[in-house]
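Enquirer: Just so you know, we're using our numbering here: the sequence shown kicks off at 5 and counts up by one.
Beta carbons are placed, not taken as given, at the ideal position from N, Cα and C, and that holds for glycine.
What follows is a single structure, and I will ask about it in a moment.
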Amino acid sequence: MENTFIGVNLIPDNEDERLNKLKEYEILDTPEEGAFNHIAAMATHMFKVPIALVSLVDADRVWFKANIGMGSIKSVPRGESLCSLAVLNEEPTIFQDAVTEPCLLANPLVTGNFGLRFYAGAPLVTSDGLNIGTFCLVDKEPREFTESDQKTLANLASIVMDEIELRYLRRKVNNEGSAD
Numbered sequence: 005m006e007n008t009f010i011g012v013n014l015i016p017d018n019e020d021e022r023l024n025k026l027k028e029y030e031i032l033d034t035p036e037e038g039a040f041n042h043i044a045a046m047a048t049h050m051f052k053v054p055i056a057l058v059s060l061v062d063a064d065r066v067w068f069k070a071n072i073g074m075g076s077i078k079s080v081p082r083g084e085s086l087c088s089l090a091v092l093n094e095e096p097t098i099f100q101d102a103v104t105e106p107c108l109l110a111n112p113l114v115t116g117n118f119g120l121r122f123y124a125g126a127p128l129v130t131s132d133g134l135n136i137g138t139f140c141l142v143d144k145e146p147r148e149f150t151e152s153d154q155k156t157l158a159n160l161a162s163i164v165m166d167e168i169e170l171r172y173l174r175r176k177v178n179n180e181g182s183a184d
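This is the structure we're talking about:
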C-alpha cells in the first residue's frame, strides 16, 4: 500500500484483530442501506457540508457503506484516504484547512484536482474497542469545527456503529434460525 501521509504509519498495532472484526461484520461490498444513507444525508444538512461518508477501512482500501456527495465512488486507496488517519485515533480527527497540515502535503486528495480542504472523521468503534472505520464529513472549503460539532459527529458515529452492530446481530439470528 502506498502511503501518501508524511511521517505517519497507517498500520495500527491491532491491525490483524481490527481487520478480522471488520470481516466478521460481513458488511464490505454490500448494497446501500437506507439507515446509513439517511444518517449521512442528515449530517450534510446539519453541518452544511457537501459530503458525508460511512467509511470502512479495509487492508488496502477505504470502502464507503454510505456516500452522500461523492457520486458513484465506492472506495479509495487506503494510503490516500484521510479516514485511514482517523481510525488511528480514539477522538475525532479534524483538519480545518488540510493544505496547512504537514502530513497531508503529499496527499493527492488535498493537493490534486479533488481539492479537499476540510475533513472531520469520528471513528466507528466496535463494542470491543476496535476502530473499523469512520463517519466523516468533507468539504472543498476550509471551515471551523467546534468542540460541540466534534461531540455531535462522535454521537453520529456511535449511531452508525449501533446500526452496524444491529445489522450483524440480525444476520446472526437469521442464520441460526435457518440452521434449525
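Grouping DSSP H, G and I as helix and E and B as strand, with all else coil, what is Arg65?
Expert: strand
Enquirer: Could you tell me the alpha carbon to alpha carbon distance between Lys78 and Tyr172, rounded to whole angstroms?
Expert: 21 Å
Enquirer: Report all residues from its chain with a CB closer than 7 Å to the CB of Cys107; omit the five preceding and five following residues, and keep chain order.
Expert: Hits under 7 Å: Phe9, Ile10, Gly11, Val12.
Enquirer: Helix or strand or just coil, what does DSSP make of Ala110?
Expert: Reduced to three states, the DSSP call for Ala110 is coil.
Enquirer: Could you tell me the distance, in whole angstroms, from the CA atom of Val164 to the CA atom of Tyr29?
Expert: Cα-Cα distance, rounded: 13 Å.
Enquirer: Mark Asn111 as exposed unless 16 or more other C-beta atoms lie within 10 angstroms of its C-beta, in which case mark it buried.
Expert: buried
Enquirer: Which of the three DSSP states is assigned to Ile136 in this structure?
Expert: strand
Enquirer: In the structure shown, what three-state DSSP assignment does Ser59 receive?
Expert: strand
Enquirer: Applying the 10 Å Cβ sphere with the 16-neighbour rule, what's the burial state of Leu113?
Expert: buried
Enquirer: How would you label Leu170, buried or exposed, when you count the other beta carbons within 10 angstroms and need 16 or more for buried?
Expert: exposed
Enquirer: So Leu128 is in the beta strand (DSSP E); what residue range does that whole segment cover?
Expert: Start and end: 122–129.
Enquirer: Ignore the nearest five residues each way along the sequence and tell me which others in Leu23's own chain have a CB closer than 8 Å to its CB.
Expert: Asp62, Ala63
Enquirer: Do you know offhand how far Glu95's Cα is from Arg175's?
Expert: Those two C-alpha atoms are separated by around 30 Å.
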